[in-house]
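Structure first, commentary second.
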Amino acid sequence: MTMMIPLERWLDKTRKLLQMEREAEISQAKLENDTLPATSNPNVLLRLFMTSASTGLFGRTVLVLKHNHGREFGAHHFSVGDLVSMCIPTASLTPTNADGFPKGIVTKVEDNSISVAFEDLEDSDDYHNEPIR
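Take 0 as the starting number for the sequence shown in numbering that gives the first Met the number 0 and just add one per residue.
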């Protein structure tokens, strides 16, 4: 005899577990970002440039980012569905507080480009012709 749990209870529990998993992934990425230099960190892609911006599903802004001259990315850990943060580098290559940077979800990864959908990106023109990481 199997016990049935109500659907609402199962959904609530699943949401909580997914939120816990998301928070664990974010804290792990922050730990790696704080301990590894940006140039050797597989969670950081340096010197990217926005090649196109479009409106995607649910009004999100989708940016396609590439290296200058379209060369291929080195080894990295990015895959579709990853939560990422984008910034224009300042003097420090490892920002101590990345909470203010736009956050998005990777929608496509190719050898020489990565597409990211942003919900909170106010103006994509701010990133045009700027090196991005």
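Virtual Cβ for every residue (Gly too), placed ideally from N, Cα, C.
In this text the structure is predicted, and so the values were computed from the model without any measurement.
The closest CA to that of Phe72, considering only Arg59, Leu44, Leu10 and Met3, is found on Leu44. Comparing C-alpha distances from Met85 to each of Leu47, Leu30, Arg70 and Asn67 shows the shortest one belongs to Leu47.
Put simply, the region 57-66 does not touch the region 12-29. Fewer than three CB pairs are less than 8 Å apart. The alpha-carbon separation between Ser112 and Lys12 amounts to approximately 36 Å.
Using a Cβ distance threshold of 9 Å, Val79 and Lys107 count as a contacting pair.
Taking 9 Å as the cut-off, the Cβ atoms of Ala74 and Pro36 do not count as close. Spanning the alpha carbons of Glu118 and Ile4 requires a straight line of approximately 34 Å. Under DSSP, the beta-bridge partners assigned to Leu64 are Met49 and Ile113.
Between Ile25 and Leu82, the beta carbon gap of about 7 Å places them in contact (Cβ cut-off 8 Å). Under a 10 Å Cβ-count criterion, Met49 is classified as buried, with 16 or more other Cβ atoms of the shown protein chains found around its own Cβ.
Excluding the 5 residues flanking it on each side, Glu31 has same chain C-beta neighbours closer than 6 Å at Asn42, in chain order.
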